[in-house]
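Position 18 of the sequence shown, counted from 1, bears residue number 24 in this note's numbering, the numbering being contiguous throughout.
No residue lacks a Cβ here, since even glycine has one placed at the ideal position from N, Cα and C.
This one's a predicted model, so the numbers in the text were calculated from it and none came from an experiment.
A short write-up of the structure that comes next.
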Amino acid sequence: MSGCYLRISGKDLDGPALAATLPVPIDGSWRRGDPRSANRQHRSGGLRCWVSAKDGSHMPGQIEDALAFLSKYRDALVPLASRGDIDTMLLDFSWDVPVNGNVQWNRWPPALCKLSGELGIAIEATVYVVEAR
Numbered sequence: 007m008s009g010c011y012l013r014i015s016g017k018d019l020d021g022p023a024l025a026a027t028l029p030v031p032i033d034g035s036w037r038r039g040d041p042r043s044a045n046r047q048h049r050s051g052g053l054r055c056w057v058s059a060k061d062g063s064h065m066p067g068q069i070e071d072a073l074a075f076l077s078k079y080r081d082a083l084v085p086l087a088s089r090g091d092i093d094t095m096l097l098d099f100s101w102d103v104p105v106n107g108n109v110q111w112n113r114w115p116p117a118l119c120k121l122s123g124e125l126g127i128a129i130e131a132t133v134y135v136v137e138a139r
């Protein structure tokens with residue numbers, strides 16, 4: 007997946023029911039036991055919110071979009087941290103890393119770390135190794 011998503015999950019979470027109550031752009035929702043693929047089922051319920059459409063080669067843009075998203079939807083996200091049916095909330099940034107032998111890094115700005123922490127949201131980067139540009 008390209009871009010940045012907010013993923014919310016919990017073993018007993020009813021993702022579709024929660025999605026119906028949130029004023030955020032939902033990309034998908036599921037319940038534990040729903041089909042994940044032809045041979046697998048979801049082990050927990052959850053939902054995925056669209057945070058940034060910028061691809062993995064534009065991390066600064068994803069970070070800007072994530073700050074705007076968290077600020078805009080802060081009031082809707084605050085109560086989620088105290089729900090007993092939510093185990094994990096995380097921002098998942100897609101990050102394209104070229105295979106060229108050079109060092110590659112990204113910096114999470116303090117404002118994003120602070121706001122995410124206040125909301126109980128973890129930050130992760132899913133790295134995709136791509137051909138050098």
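Legend entry - Three-state class that DSSP yields for S43 in the structure shown: Counted from its first residue, the sequence shown places residue 43 at position 37. Coil.
Legend entry - Length of the line joining the Cα atoms of I69 and D18: Here the question's residue 69 lines up with position 63 in the sequence shown. Here the question's residue 18 lines up with position 12 in the sequence shown. Straight-line Cα distance between these residues: approximately 30 Å.
Inset, instruction - Count the other C-beta atoms from every protein chain shown that fall within 10 angstroms of the C-beta of G16, then say buried if there are 16 or more, exposed otherwise. - result: Position 10 of the sequence shown, counted from the start, is the residue given in the question as residue 16. Buried, because 16 or more other Cβ atoms sit within 10 Å of the Cβ of G16.
Legend entry - Rounded separation between L96 and P41 - CA only: The residue labelled residue 96 in the question sits at position 90 within the sequence shown. The residue labelled residue 41 in the question sits at position 35 within the sequence shown. If you take the alpha carbons of L96 and P41, they lie about 22 Å apart.
Legend entry - Nearest candidate by alpha-carbon position, reference I127, set S58, P85, D61: Taking the sequence shown and counting its residues from 1, the one referred to as residue 127 is at position 121. Of S58, P85, D61, the residue nearest in Cα terms is P85.
Legend entry - Distance, A59 Cα to D71 Cα: In the sequence shown, residue 71 corresponds to position 65, counting from 1. In the sequence shown, residue 59 corresponds to position 53, counting from 1. For D71 and A59, the distance between alpha carbons rounds to 9 Å.
Legend entry - Run of the beta strand (DSSP E) containing D98, from where it starts to where it stops: Stepping through the sequence shown from its first residue, residue 98 is reached at position 92. Segment 94-105, the beta strand (DSSP E) holding D98.
Inset, instruction - Give the straight-line distance between the Cα atoms of H48 and A23, rounded to the nearest whole angstrom. - result: Position 42 of the sequence shown, counted from the start, is the residue given in the question as residue 48. Position 17 of the sequence shown, counted from the start, is the residue given in the question as residue 23. If you take the alpha carbons of H48 and A23, they lie about 16 Å apart.
Legend entry - Sequence-distant residues of its chain with Cβ nearer than 6 Å to Y134 (five each side left out): As a position in the sequence shown, residue 134 is number 128, starting the count at 1. Closer than 6 Å at the Cβ level, and outside the excluded window around Y134, lie G62, D102.
Inset, instruction - Give every residue of the same chain whose Cβ lies closer than 7 Å to the Cβ of P31, excluding the five residues on either side of it in the sequence, and list them in chain order. - result: Indexing the sequence shown from 1 puts residue 31 at position 25. So the list reads C55, W56, once near-sequence residues are dropped.
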